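For the sequence shown, the positions run 1 to 366 when the UniProt record's numbering is used. Backbone N, C-alpha and C fix where the C-beta goes; we use that ideal spot for every residue, glycine too. These numbers come from a predicted model, not from an experiment. As C-alpha cells, the structure follows; a few thoughts come after it.
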Amino acid sequence: MQIPDMPSWPQGVHSAHPFTGGSATGHDRVKHLITSGSMSAYKDTRNGLLGEDFSTKLSAWLALGCITARQVHFYLLDFEDGRTDIGKGAQGYGKGENKGTAAVRFELLWRDYMRLCTRKFGPRLFRVEGFRADENAKWKYVSSPFSKSTDKKNTGGKNDGDTERAVLRFLQGRTGTGLIDASQREVFLTGYTSNRARQNVASYLAKHLGIDWRIGAEWYEATLVDYDVSSNWGNWQYVAGVGNDPRGEQRVFNPVKQALDYDGKGEYVKAWVPELRGLGDSGEELMGVFQAWRLSEGQKQNLGLEGVEWAEKPLVRINFSLNRRGGGNGGRGRGRGRGGGGGGGGGRGRGNYGRSGNMEKAGYMG
C-alpha cells in the first residue's frame with residue numbers, strides 16, 4: 001500500500017523523546033530521572049502527553065540493549081537506601097521504595113512478562129487470533145479473502161476498498177479524532193508517542209474500526225525508536241482483546257473522554273494537528289479540537305477545514321458530551337462500547353509490583 005501525503009513537522013513543536021543511543025547516554029538518562037525527582041513522581045506523571053520527563057523514556061535504551069532492567073533496578077535500590085550520591089537531596093532519597101519507584105519497577109516487570117509470553121506462545125504473537133486463539137472474531141482486512149456481504153471467498157482477490165481507505169487515513173493521522181491523529185502524526189515524525197496515546201490508538205483501530213490489529217502493530221514496528229518485538233506485539237494483542245487481558249474485547253477506550261482527562265486544554269492535539277490551533281481550550285471549541293466534525297460551518301471555514309475530509313467525515317463519530325464527562329485531568333473512566341459511550345477505559349489497571357512483591361493489576365503499555 002502506498003501512503004501519500006504524510007504529515008509534515010508542525011511549527012514550534014519539539015519531540016518529547018529526542019533520543020541519542022549508547023550505553024553512556026542511557027545511564028545518564030537514569031541518573032537524570034533520579035536526581036530531578038522524576039522517578040519518585042513517575043506514578044503521578046506517567047500519563048502525560050507533552051514534555052520529556054513525564055515518563056522515564058528508557059524503553060529505547062532497553063530495547064537496544066544499551067542498559068538493562070536490572071541496572072535500572074539497582075540504581076533505584078541505591079537511591080531508596082541512600083547508598084549513593086546520585087539523587088542525594090531529591091524527593092524520596094534514602095526513604096525506601098515510594099509509589100513512583102514501585103511503578104517504574106512494575107513497568108520493567110511487565111516488560112519481562114511480555115517476553116515470557118513470547119517464549120510461551122511463540123508464533124501466536126503474530127497471529128490475528130492472538131494468544132487466546134480466538135478464531136470467532138470478525139476483523140476487517142486490507143486484503144480480505146472474504147466478501148463484505150457474504151463472508152464467502154472473494155475469488156477476485158480484490159482489496160476491501162473501504163477498509164484500505166480507513167487504514168490509509170489512520171496511518172496519515174487524518175481519522176477526524178483529535179487524540180488519535182495527534183499521536184499518529186507524532187509517532188511518524190518523531191518515532192515516539194506516549195503510552196497513554198498508544199493504548200488509545202490500539203483501541204481505536206481494533207475496537208472502534210474493527211480492523212486487523214496487526215496493521216497497527218506493524219506500523220509501530222516500522223516507526224517506533226523504542227520498538228521491541230515482545231512489548232509491541234504483546235501489548236497490541238492485549239488492547240485488541242486477543243491477548244492476556246482478562247476483560248478481552250470488553251475493554252474499549254473512548255478517545256474523547258481520554259483526551260479530556262489527559263489533554264484537558266487540547267494542547268497536545270493542537271501541537272501535532274496545527275490545523276486546529278485557532279480553537280479555544282474549553283467548551284464546545286475544545287470538543288471541536290477532539291472531534292472537528294462538531295465545529296460549525298463558520299468555524300471550519302475560518303480554520304480552512306471546510307470540505308476537508310477528516311473534519312467533515314470522520315471515520316467514527318464518538319458519542320460524548322461535556323455534561324456526561326466524569327472526572328478531571330488525569331481521571332479515569334470505563335469504556336462503553338465501540339464509537340460511543342461516556343467512558344474511556346484505563347490501561348492494564350493501576351496496581352504496582354514493588355520491592356515487597358505486592359502485585360495488584362497490570363500496568364501500562366510502553
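DSSP bridge partner residues for residue i (one or two, in chain order)
{"i": "residue 2", "result": "Answer by DSSP bridge pairing: none, since residue 2 is not bridged."}
{"i": "residue 177", "result": "291"}
{"i": "residue 372", "result": "As displayed, the chain neither begins before 1 nor continues past 366, which places residue 372 out of reach and without an answer."}
Sequence-distant residues of the same chain with beta carbon closer than 7 Å to residue i, five excluded per side
{"i": "residue 82", "result": "93, 94"}
{"i": "residue 231", "result": "111, 114"}
{"i": "residue 169", "result": "175, 310, 315"}
{"i": "residue 288", "result": "279, 294, 295, 299"}
{"i": "residue 10", "result": "271, 272, 274"}
{"i": "residue 54", "result": "45, 46, 48"}
{"i": "residue 135", "result": "129"}
{"i": "residue 373", "result": "As displayed, the chain neither begins before 1 nor continues past 366, which places residue 373 out of reach and without an answer."}
{"i": "residue 63", "result": "226, 227, 228"}
{"i": "residue 50", "result": "16, 267, 268, 271"}
{"i": "residue 320", "result": "254, 256, 257, 342"}
Contact belief for residue i with residue j at Cβ below 8 Å, rounded distance in angstroms
{"i": "residue 16", "j": "residue 52", "result": "6 Å"}
{"i": "residue 178", "j": "residue 273", "result": "6 Å"}
{"i": "residue 269", "j": "residue 290", "result": "7 Å"}
{"i": "residue 311", "j": "residue 292", "result": "4 Å"}
{"i": "residue 86", "j": "residue 34", "result": "6 Å"}
{"i": "residue 184", "j": "residue 5", "result": "Between residue 5 and residue 184 the Cβ distance is about 13 Å, and since that is not below 8 Å, they are no contact."}
{"i": "residue 237", "j": "residue 122", "result": "In fact, because the Cβ distance is near 13 Å, the residues do not count as touching under 8 Å."}
{"i": "residue 209", "j": "residue 182", "result": "About 17 Å separates the two Cβ atoms, so there is no contact after all."}
{"i": "residue 7", "j": "residue 189", "result": "7 Å"}
Buried or exposed by the 16-neighbour rule on C-beta atoms within 10 Å, applied to residue i
{"i": "residue 346", "result": "Low confidence applies to residue 346: its pLDDT is 35, below 50, so where it sits in the model is not reliable, and the reading given next is rough at best. With 16 or more other Cβ atoms within 10 Å, it is buried."}
{"i": "residue 24", "result": "exposed"}
{"i": "residue 322", "result": "exposed"}
{"i": "residue 12", "result": "exposed"}
{"i": "residue 44", "result": "exposed"}
{"i": "residue 29", "result": "buried"}
{"i": "residue 313", "result": "exposed"}
{"i": "residue 26", "result": "buried"}
{"i": "residue 89", "result": "exposed"}
{"i": "residue 281", "result": "exposed"}
{"i": "residue 20", "result": "exposed"}
{"i": "residue 412", "result": "Residue 412 lies beyond the range of the chain shown here (1 to 366); nothing can be said about it."}
{"i": "residue 70", "result": "exposed"}
{"i": "residue 133", "result": "exposed"}
{"i": "residue 157", "result": "Only weak support exists for where residue 157 lies, its pLDDT of 40 falling under 50; the value from the coordinates is given anyway. Residue 157 comes out exposed."}
{"i": "residue 116", "result": "exposed"}
{"i": "residue 203", "result": "buried"}
{"i": "residue 206", "result": "buried"}
{"i": "residue 302", "result": "exposed"}
{"i": "residue 297", "result": "exposed"}
Own chain, CB closer than 6 Å to residue i, minus 5 neighbours either side, in chain order
{"i": "residue 40", "result": "91, 92, 98, 100"}
{"i": "residue 276", "result": "270, 289"}
{"i": "residue 286", "result": "266"}
{"i": "residue 248", "result": "241"}
{"i": "residue 118", "result": "125, 230"}
{"i": "residue 344", "result": "The predicted model places residue 344 with a pLDDT of 34, which falls under 50 and marks its position as unreliable; any figure quoted below should be read in that light. Closer than 6 Å at the Cβ level, and outside the excluded window around residue 344, lie 253, 254, 257, 258, 333."}
{"i": "residue 42", "result": "100, 103, 104"}
Beta-carbon contacts of residue i that lie in its chain and below 8 Å, excluding the five residues immediately before and after
{"i": "residue 163", "result": "140, 141, 142, 144, 211"}
{"i": "residue 220", "result": "187, 198, 227, 232, 236"}
With three or more C-beta pairs closer than 8 Å as the rule, is the stretch 214-226 touching the stretch 86-99? no
Touch test, the stretch 70-87 against the stretch 240-253, Cβ-Cβ under 8 Å, three pairs minimum: no
Does the stretch 58-72 come close enough to the stretch 225-243 that 3 or more CB-CB pairs lie under 8 Å? yes
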